[in-house]
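Read the sequence shown against numbering that gives the first Met the number 0 and you will find it ends at 257, with the numbers running on by one and no gaps. Virtual Cβ for every residue (Gly too), placed ideally from N, Cα, C. Below is one structure, written out as structure tokens; the observations come after it.
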Amino acid sequence: MTWLLTFLAVFYLAALVLVWSLQERFIYPAPPEQAGVPAGFERITYTAADGVEIGAGYRPAREGMPTLLFFHGNGSSWQSTAYVTDRLAALGYGVLAASYRGYAGNAGSPSEKGLYADGRAAYAFLRERGVAPQDIVLTGNSIGSGVATHLATEVEARALVLISPFDSLEETASRAMRWLPVRTLIRDRYDNVGKLPGIEIPVLILHGEEDTLIRLEQARTLAAARPGTKLVTYPGWGHDLVVHPAVQGEIAANLIDQ
Numbered sequence: 000m001t002w003l004l005t006f007l008a009v010f011y012l013a014a015l016v017l018v019w020s021l022q023e024r025f026i027y028p029a030p031p032e033q034a035g036v037p038a039g040f041e042r043i044t045y046t047a048a049d050g051v052e053i054g055a056g057y058r059p060a061r062e063g064m065p066t067l068l069f070f071h072g073n074g075s076s077w078q079s080t081a082y083v084t085d086r087l088a089a090l091g092y093g094v095l096a097a098s099y100r101g102y103a104g105n106a107g108s109p110s111e112k113g114l115y116a117d118g119r120a121a122y123a124f125l126r127e128r129g130v131a132p133q134d135i136v137l138t139g140n141s142i143g144s145g146v147a148t149h150l151a152t153e154v155e156a157r158a159l160v161l162i163s164p165f166d167s168l169e170e171t172a173s174r175a176m177r178w179l180p181v182r183t184l185i186r187d188r189y190d191n192v193g194k195l196p197g198i199e200i201p202v203l204i205l206h207g208e209e210d211t212l213i214r215l216e217q218a219r220t221l222a223a224a225r226p227g228t229k230l231v232t233y234p235g236w237g238h239d240l241v242v243h244p245a246v247q248g249e250i251a252a253n254l255i256d257q
């Protein structure tokens, strides 16, 4: 019995060390850098306040049309944003396909604080290009929902769109690893549910009903935290909801065209 208890103790301690030391790899599994620039986009750079230069993609809007400031998920790249916004872009909506430090060949290491800085720099780029706040739609998919939500607490914008969002990364991780003291171990928390009540612009949440990574319950928690938030769910869809053919139409119908 003693050897078994010793083994379990060693295993548990090893798990703690693993989660503490490798959590950035789990949270930010950046894919390999993609070559090329999607049609209609220009490769751009902007610099965060701490000096990190971010390469991203930009497709200007037609005159009088809004622009999506789109923050992608943790396993994607800015190039993938071109695919999931193609229908809106074809109608004349602008898209700033934002990127992050440590992604797409960018310098630096991703972190909650760093991604917030990158988000501010992306917003500043649009303002420098003459895009008015009332024409900017802050949009975030998965972990990008954390960046978009935080930015919405700091800047003026037309609306906030959250696709497959979590209530907080801390809660998501603690549910996934109930046997570990995740709340103590995790460094990046992305507290969407704590920030959403203070956001005054319209908020739209889109979530797949079969999402097993970030469960629908979390989207419902977010929607309940802020009166007036609209939640649209999609039966049969999981965490890949961002590619659903109806998502772009839902965004246009509910927020952009108001």
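* Asked: Does DSSP put residue 92 in a helix, a strand or coil?
  -> Residue 92: coil per DSSP, three-state reduction.
* To do: State buried or exposed for residue 40, treating a residue as buried only when at least 16 other CB atoms are found within 10 Å of its CB.
  => With 16 or more Cβ atoms within 10 Å of its Cβ, residue 40 is classed as buried.
* Asked: Between residue 160 and residue 100, is the Cβ-Cβ spacing less than 8 Å?
  -> It is not a contact, given that the beta carbons lie outside the stated cut-off.
* Report the option in 48, 76, 81 and 74 whose CA atom is closest to the CA atom of residue 59. => Ranking 48, 76, 81 and 74 by Cα distance to residue 59 puts 81 first.
* Asked: Does the separation of the CB atoms of residue 137 and residue 68 fall below 8 Å?
  -> Result yes, Cβ atoms of residue 137 and residue 68 sit closer than 8 Å.
* **Beta-carbon spacing of residue 150, residue 66 below 8 Å** => In this structure, residue 66 does not lie closer than 8 Å to residue 150 by Cβ.
* Asked: Would you say residue 132 and residue 218 are within 8 Å of each other, going by their C-beta atoms?
  -> Taking 8 Å as the cut-off, the beta carbon of residue 132 is found no closer than this to the beta carbon of residue 218.
* Reference residue 57; option with closest CA among 70, 47 and 201 -> For residue 57, the closest alpha carbon among the candidates 70, 47 and 201 is that of 70.
* Measure how close the beta-carbons of residue 208 and residue 234 come, nearest whole angstrom, since I'm counting them as under 8 Å. => Confirmed, about 5 Å.
* To do: Please classify residue 82: does DSSP put it in a helix, a strand, or coil?
  => Helix, per DSSP.
* To do: Using three-state DSSP, classify residue 24 as helix, strand or coil.
  => Helix.
* Asked: Around the C-beta of residue 75, are 16 or more other C-beta atoms found within 10 angstroms, so that it is buried, or is it exposed?
  -> Its Cβ being crowded by 16 or more others within 10 Å, residue 75 is buried.
* **Residues bridged to residue 45 [DSSP beta-bridge criterion]** => Partner(s): 53.
* To do: Reducing DSSP to helix, strand and coil, say where residue 197 ends up.
  => Three-state DSSP puts residue 197 in a helix.
* Asked: For residue 113, is the classification buried or exposed, using 16 other Cβ atoms within 10 angstroms of its Cβ as the cut-off for buried?
  -> Counting Cβ neighbours within 10 Å, residue 113 comes out buried, since at least 16 surround it.
* **For residue 96 and residue 55, believed in contact at Cβ under 8 Å, the rounded distance** => That pair is a contact at about 6 Å.
* **Residues of its chain near residue 327, where Cβ-Cβ distance is below 8 Å and the 5 sequence neighbours each way are ignored** => Any property of residue 327 remains undetermined from this structure, which presents the chain solely from 0 to 257.
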